[in-house]
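Novice: Next up is a structure, given as structure tokens.
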Amino acid sequence: MITVNNVSLQYGGRKLFEDVNIKFTPGNCYGLIGANGAGKSTFLKILAGEIEPQKGDVQLSPGERLAVLKQNHFEYEEYEVLETVIMGHSRLYQIMQEKDALYMKADFTEEDGMKAAELEGEFAELNGWEAESDAAILLNGLGIPEEYHHKKMAELTGSEKVKVLLAQALFGKPDVLLLDEPTNHLDLKAIQWLEEFLINFENTVIVVSHDRHFLNNVCTHIADLDFGKIELYVGNYDFWYESSQLAQKMMQEANKKKEEKIKELQAFIARFSANASKSRQATSRKKLLEKITLDDIKPSSRRYPYVAFTPDREIGNDCLMVEGLTKTIDGVKVLDNVSFYMNKTDKIALVGSNEVANTTLLRILMGEIEPDSGTYRWGVTTSQSYFPKDNSEYFDGSDLDLVEWLRQYSPVDQSESFLRGFLGRMLFSGEEVKKKVSVLSGGEKVRCMLSKMMLSGANVLLLDEPTNHLDLESIQALNNGLINFKGAMIFTSHDHQFVQTIANRIIDIQQDGTIIDKQTTYDEYLEMKYQLKK
Ligand SMILES: Nc1ncnc2c1ncn2[C@@H]1O[C@H](COP(=O)(O)OP(=O)(O)OP(=O)(O)O)[C@@H](O)[C@H]1O
Ligand SMILES: [Mg+2]
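Take the position in the sequence shown, starting the count at 1, then add 193; the result is the number in my numbering.
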């Protein structure tokens, strides 16, 4: 169990937390939700002891072990994969190291013998003999096969590293498990495996995510961070969402009878709890749900940024010609003789499951990497703006504040008032525009990257997973902005609805690097694929 007492923290003038009191208890999976920049990652760091709150404290029950999903993907480059996983249990790893050192000694004394016996005892207690096989099971489950287990971390791709770090956090059944956006870099299969793992996990889990499908599948509770407080709700994400919407509606229609509304809510709860069979505690949850009253549910303070991309000029007749692009990465042919012609009204979604292939195609088109063979040619009237999957190079180590950062990308108007106005529409207001870009949250960085693209006036947009990190309101705003965009675009996203509502053409890069190319919507494409399989 982990207990939070009176925790307060503020940055500049902004209060992230004010007197937060909360207990996270075993057997539950808490989904920590909140707008981009609300303080979720900061809160997990406080729980993990990485940041001291200005007031209050956090207590872990005595003898309990806490594990965190590491955010730095390059922390273990020199270590082997299996070893990295075991390092998740630091005491066990330490014993293994000490044991090895003792047995390596040439002059093994009686004292060493006693020490070794002691270590062996503790090693056995911690299930040390099963450590390697346990670690291997986790890795296999996440899709990292045996032949990788003794490779160095440095040899792995980005998404493979994420899986190993996830296995590290899960290793050895920690008492409290903290996961910050674990699904962001995972493929569908690994996400499903993680869902199953978390549903069966008996200890305490606190997970930050913007993925409502994932939250619905794994959470027993929702912890909503809003107004500097964290409110706990029993139930999954949809239940929290529907009821908070309902609460908002009720406040707006104050003239309607409250009692009528309470009935409506109760009926809703009853309906919901009848469907809550997936939960391991369906019955206890039902009881709790029955006790919920109107006053327990508050409307949220979440806001929508304003996203609109306006091209400086229209695309002429030529947009993009791609001919015979071929590229091999790490010995795998990810693109094989790819050819297509992009029209000026095309909104192309790259939907293949090989993310490396999708990213490679976009990077080639942006001139960031060279193809092994083949050519591409942008029309003379086109201008491109690119949203890379990894934006760290734009922010890491930067000493600029938000206004200065954005000024770099504002060719026309460099004035502070213009930039402030622009940032305001992207939900950065007041003193906030004076903070350093290096401290921004994941979603805030994405909002900055989108601002940069909006200022570019480009008539072709290339976007690689722009929905990662964004909260639901921002995804919606971006979704609308791209539906209304009058230029051409080519993009990837894990968000089904996003792809369905924007794309009018689908390019599916196959495992062998060839493409299927259809002028259709995503759902029609999936239906077509399904019919073909039958
Ligand atoms: N050292 C700092 N100085 C000033 N502001 C900071 C500092 N560190 C973080 N912040 C701000 O605190 C807020 C909370 O950041 P945090 O990363 O916890 O957000 P988050 O809820 O995880 O958001 P996201 O959903 O985008 O990941 C952000 O507005 C961020 O810019
Ligand atoms: Mg975060």
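All residues carry an ideal CB built from backbone N, CA and C; glycine is no exception.
Let me check one thing: in DSSP terms, what residues is residue 204 bridge-paired to?
Specialist: Position 11 of the sequence shown, counting from 1, holds the residue named residue 204. Paired residue(s): 207.
Novice: Does DSSP classify residue 320 as helix, strand or coil?
Specialist: As a first step, residue 320 is located in the sequence shown; it is residue number 127 there, counting from the start. If DSSP states are grouped into helix, strand and coil, residue 320 belongs with coil.
Novice: Can you grab the Cα-Cα spacing for the pair residue 607 / residue 616, in whole Å?
Specialist: Within the sequence shown, residue 607 is the residue found at index 414, counting from 1. Within the sequence shown, residue 616 is the residue found at index 423, counting from 1. Looking at the two C-alpha atoms, the distance is approximately 13 angstroms.
Novice: Would you call residue 550 buried or exposed, if buried means 16 or more other Cβ atoms sit within 10 Å of its Cβ?
Specialist: In the sequence shown, counting from the first residue as 1, residue 550 sits at position 357. Buried, by the Cβ-count rule.
Novice: In angstroms, rounded to a whole number, what distance separates the CA positions of residue 402 and residue 417?
Specialist: In the sequence shown, counting from the first residue as 1, residue 402 sits at position 209. In the sequence shown, counting from the first residue as 1, residue 417 sits at position 224. Taking the straight line from one Cα to the other gives about 11 angstroms.
Novice: Using C-beta distances below 6 angstroms, list every residue in its chain close to residue 388, excluding the 5 sequence neighbours before and after it, in chain order.
Specialist: Locating residue 388 in the sequence shown gives position 195, where the first residue counts as 1. 410 and 411, listed in sequence order.
Novice: Do you know how far the Cα of residue 565 is from the Cα of residue 521?
Specialist: The residue labelled residue 521 in the question sits at position 328 within the sequence shown. The residue labelled residue 565 in the question sits at position 372 within the sequence shown. Going from the Cα of residue 521 to the Cα of residue 565 covers about 7 angstroms.
Novice: Would you mind listing the beta strand (DSSP E) stretches within the stretch 381-447 that are 3+ residues and don't spill past its ends, in chain order?
Specialist: 397-401, 414-419 and 422-427
Novice: Can you tell me which of 360, 516, 215 and 335 puts its alpha carbon nearest to the alpha carbon of residue 249?
Specialist: Counting from 1 along the sequence shown, the entry for residue 249 is found at position 56. The shortest Cα separation from residue 249 among 360, 516, 215 and 335 belongs to 215.
Novice: Helix, strand or coil: how does DSSP classify residue 577 here?
Specialist: Locating residue 577 in the sequence shown gives position 384, where the first residue counts as 1. Three-state result, residue 577: strand.
Novice: Is it the case that the Cβ atoms of residue 602 and residue 649 are separated by a distance below 9 angstroms?
Specialist: Position 409 of the sequence shown holds residue 602. Position 456 of the sequence shown holds residue 649. Closer than 9 angstroms, so yes.
Novice: Does DSSP put residue 594 in a helix, in a strand, or in coil?
Specialist: Locating residue 594 in the sequence shown gives position 401, where the first residue counts as 1. Strand.
Novice: For ligand 1, I want to know if residue 228 counts as a neighbour, meaning its beta carbon is within less than 8 angstroms of at least one of the ligand's heavy atoms.
Specialist: As a working note, residue 228 is residue 35 in the sequence shown. Yes, the Cβ of residue 228 comes within 8 angstroms of a heavy atom of ligand 1.
Novice: For the beta strand (DSSP E) containing residue 545, list its first residue and its last residue.
Specialist: Locating residue 545 in the sequence shown gives position 352, where the first residue counts as 1. Unbroken run through residue 545: none, as it is neither H nor E.
Novice: Quick one: what does DSSP say residue 503 is sitting in, helix, strand or coil?
Specialist: Along the sequence shown, one-based indexing puts residue 503 at 310. If DSSP states are grouped into helix, strand and coil, residue 503 belongs with coil.
Novice: Taking the alpha carbon of residue 580 as the reference point, which residue from 203, 619, 618 and 655 has its own alpha carbon closest?
Specialist: Here the question's residue 580 lines up with position 387 in the sequence shown. Of the candidates 203, 619, 618 and 655, the one whose C-alpha sits nearest the C-alpha of residue 580 is 655.
Novice: Going by DSSP in three states, residue 532 sits in which element: helix, strand or coil?
Specialist: Counted from its first residue, the sequence shown places residue 532 at position 339. Residue 532: strand per DSSP, three-state reduction.
Novice: With 16 other CB atoms within 10 Å as the buried threshold, where does residue 362 fall?
Specialist: Mapped onto the sequence shown, residue 362 falls at position 169. Under this definition residue 362 is a buried residue.
Novice: Determine, using beta-carbon pairs with one atom in the stretch 261-280 and one in the stretch 325-332, whether at least three such pairs fall under 8 angstroms.
Specialist: yes
Novice: By Cβ distance, which residues of its chain are closer than 8 angstroms to residue 476, with the 5 residues on each side in sequence left out?
Specialist: Here residue 476 refers to the residue found at position 283 of the sequence shown. Residue placement at residue 476 is flagged as unreliable, the pLDDT there being 49, under the threshold of 50; a coordinate-derived value is accordingly withheld.
Novice: Which residue spans inside the stretch 642-668 form an unbroken beta strand (DSSP E) run of at least 3?
Specialist: 653-657
Novice: Taking the C-alpha atoms as reference points, what is the distance between residue 372 and residue 496?
Specialist: Locating residue 372 in the sequence shown gives position 179, counting from the first residue. Locating residue 496 in the sequence shown gives position 303, counting from the first residue. For residue 372 and residue 496, the distance between alpha carbons rounds to 25 angstroms.
Novice: Less than 8 angstroms separating the Cβ of residue 422 from some heavy atom of ligand 3?
Specialist: Here the bound small molecules are ligand 1 and ligand 2; ligand 3 is not part of this structure.
Novice: Residues in the same chain with beta-carbon distance under 6 angstroms from residue 533, minus the five sequence neighbours each way, listed in chain order, please.
Specialist: Within the sequence shown, the letter at position 340 stands for residue 533. Excluding positions up to five away in sequence, the list reads 515 and 710.
Novice: Could you please give the first and the last residue of the uninterrupted alpha helix (DSSP H) stretch that includes residue 559?
Specialist: Numbered from 1 along the sequence shown, position 366 holds the residue referred to as residue 559. Here residue 559 belongs to no alpha helix (DSSP H), and DSSP marks it neither H nor E.
Novice: At 4 residues or longer, what runs of the alpha helix (DSSP H) sit wholly inside the stretch 670-710?
Specialist: 689-695
Novice: DSSP puts residue 222 in a beta bridge; with which residues?
Specialist: To locate residue 222, count along the sequence shown from 1; it is residue 29. Answer by DSSP bridge pairing, in chain order: 398.
Novice: Could you work out which residue in 543, 725 and 668 is closest to residue 180 when comparing CA atoms only?
Specialist: Examination of residue 180 is not possible in this model, given that the chain is present from 194 through 727 alone.
Novice: Assuming residue 345 and residue 273 form a contact by the criterion Cβ under 8 angstroms, report the distance between their Cβ atoms to the nearest whole angstrom.
Specialist: Looking up residue 345 in the sequence shown gives position 152. Looking up residue 273 in the sequence shown gives position 80. Approximately 6 angstroms separates the beta-carbon atoms of residue 345 and residue 273; this is inside 8 angstroms, confirming the contact.
Novice: Based on Cα-Cα distance, which residue from 658, 538, 717 and 663 lies nearest to residue 679?
Specialist: Indexing the sequence shown from 1 puts residue 679 at position 486. Closest option to residue 679, Cα to Cα, is 538.
Novice: Would you say the beta carbon of residue 635 is closer than 8 angstroms to some non-hydrogen atom of ligand 2?
Specialist: Position 442 of the sequence shown, counted from the start, is the residue given in the question as residue 635. Taking non-hydrogen atoms of ligand 2 into account, the C-beta of residue 635 is found less than 8 angstroms away from one of them.
Novice: Let's test the definition: count the other Cβ atoms within 10 Å of the Cβ of residue 726 and tell me whether it reaches 16, buried, or not, exposed.
Specialist: Counting from 1 along the sequence shown, the entry for residue 726 is found at position 533. With a threshold of 16 other beta carbon atoms within 10 Å, residue 726 falls short and is exposed.
Novice: Can you round the beta-carbon distance between residue 358 and residue 397 to whole angstroms, since I take them to be within the 8 angstroms contact cut?
Specialist: Within the sequence shown, numbered from 1, the residue matching residue 358 stands at position 165. Within the sequence shown, numbered from 1, the residue matching residue 397 stands at position 204. Wrong, their Cβ atoms sit about 20 angstroms apart, outside the cutoff.
Novice: Locate the alpha helix (DSSP H) running through residue 570, then write down its first and last residues.
Specialist: Position 377 of the sequence shown, counted from the start, is the residue given in the question as residue 570. No alpha helix (DSSP H) holds residue 570; the beta strand (DSSP E) holding it covers 566-571.
Novice: Assuming residue 715 contacts residue 692 (C-beta within less than 8 angstroms), just tell me the rounded distance between them.
Specialist: Position 522 of the sequence shown, counted from the start, is the residue given in the question as residue 715. Position 499 of the sequence shown, counted from the start, is the residue given in the question as residue 692. Contact flag correct, Cβ pair sits at about 5 angstroms.
Novice: Could you pull out every residue in the same chain whose Cβ sits closer than 8 angstroms to the Cβ of residue 376, ignoring the five residues on either side in sequence?
Specialist: As a first step, residue 376 must be located in the sequence shown, where it is residue number 183. Taken in chain order, the residues that qualify are 384, 387, 402, 404 and 407.
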